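S.K.:
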Amino acid sequence: MERKLKIEGPPPPKPRAQKPNWDYHAEVLAFSRRLKESFSPELLKTAFVNPCYIQSEQERRQALGVDSETAALVLGDNIQLHTQGLEFTKSFVSAWCRARFPSLPSMGVVAIVAHLTSHPVVCHVARNLAIEDLTMCAKFPVPDEVLHSTFLAVIGALQESSGAERAGLFLRDFLVTQLVGKDLFEMWPVVNPMGLLVEDLSKRNMALPEPRLTRSAGAGTVLPLYFVGLYSDKKLLAEAPGETVLAAEEEAARVALRKLYGYTENRRPCDFSAAEQLKDVTPSTTMSSIS
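Read the sequence shown against my numbering and you will find it ends at 280, with the numbers running on by one and no gaps.
(1) Tell me the start and end of each unbroken alpha helix (DSSP H) in the stretch 128 to 168 that is at least 4 residues and wholly inside, in chain order.
(2) On a Cα-Cα basis, can you pick out the residue from Gly218, Ser205, Gly97, Ala242 that is closest to Val181?
(3) Please work out which residues of its chain come closer than 6 Å, Cβ to Cβ, to Cys86, disregarding the five sequence neighbours upstream and downstream, and give them in chain order.
(4) Check this for me: beta carbons of Ala196 and Leu202, under 9 Å apart or not?
(5) Between Ala146 and Phe261, how many whole angstroms is the CB-CB distance? I'm expecting something under 8 Å.
(6) Among Pro2, Met183, Leu62, Ser80, which has the Cα closest to the Cα of Leu141?
(7) Which first and last residues belong to the alpha helix (DSSP H) in which Gly184 is found?
(8) Once DSSP output is grouped into helix, strand and coil, what is the label at Ser83?
(9) Please state whether DSSP places Lys34 in a helix, a strand or coil.
(10) I need the boundaries of the alpha helix (DSSP H) containing Val244, first residue and last residue.
(11) Quick check on DSSP: helix, strand or coil for Pro40?
(12) Quick check on Met125: does DSSP put it in helix, strand or coil?
(13) Start and end of the beta strand (DSSP E) containing Phe216?
(14) Have a look at Arg(-8) and Pro1 and give me their C-alpha separation to the nearest angstrom.
(15) Give the DSSP-derived three-state secondary structure of Glu26 in the structure shown.
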């Protein structure tokens, strides 16, 4: 057996539904209890049904010689719930970002929303919540695109079942927390940080930044180091290192932008406790952005 395993490799993975001791209805109810959320069982089951599963199941039944009327599945797909969940997620995350970082421009908010709703982030959260095991899909392992769609459909089902406030708390606890440890400019690539800094300072009626070389070391070696400080009205805005003066100047501009937007590395951590009840995002703001 060991030799056969070495030659043929490990067997292909099987979905949990094809293994013993599997009760789909009980697992769906357990999923709701595990997350301490009040889902409608029928809506939650619909959220897990993807169109590709319905199509593949109908094709499989027709291949067995079953007529089309008998082969038809009485199942609804999650397209509508996915659309509803995507709209709610984007509007909630956008409102949360504006409330938490009021100085952040709209381009930064859009970048953060795009990062939190991207396939890698959403699929990471979905797999850790065991959504992949309950997803009804034509392929296994479940493709990222299908898993992404299923997670958003679950959000739509939660909004329909328990309302926007509970869905917002769910997003805050599981999706927004993925911002912990993330740098602003990892999510928002700014090509010209100095130009953006000049634009922001002009809007605030502040003096334009003046770069000055503050320190340097190893200028004649293969590993030089330069420190550039940015001054506005004779006040130091930011200072940063770089291998070249230009690189240090760009990094100093990014540091200054983080300070202006309130997204510094040493900022006060966000309060994700349940007692806050979305203190920074009022229900009226969230609901108005959804409607």
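Heads up, the beta-carbon is just placed ideally off N, CA and C, and yes, glycines get one too.
Please read these numbers as outputs of a predicted model, since none were measured by experiment.
M.R.: Based on what the coordinates show:
(1) 133 to 151, 153 to 163
(2) As written in the sequence, residue 181 is Asn, which differs from the Val given in the question. With distances taken between Cα atoms, Asn181 lies closest to Ala242.
(3) Val98, Ile101
(4) no
(5) No, Ala146 and Phe261 are not in contact; Cβ-Cβ is about 23 Å, not under 8 Å.
(6) Selection Pro2, Met183, Leu62, Ser80 evaluated against Leu141 yields Ser80 as nearest (Cα-Cα).
(7) Segment 182 to 192, the alpha helix (DSSP H) holding Gly184.
(8) helix
(9) helix
(10) 234 to 250
(11) helix
(12) strand
(13) If you look at Phe216, you'll find it in the beta strand (DSSP E) that goes 214 to 221.
(14) 17 Å
(15) coil
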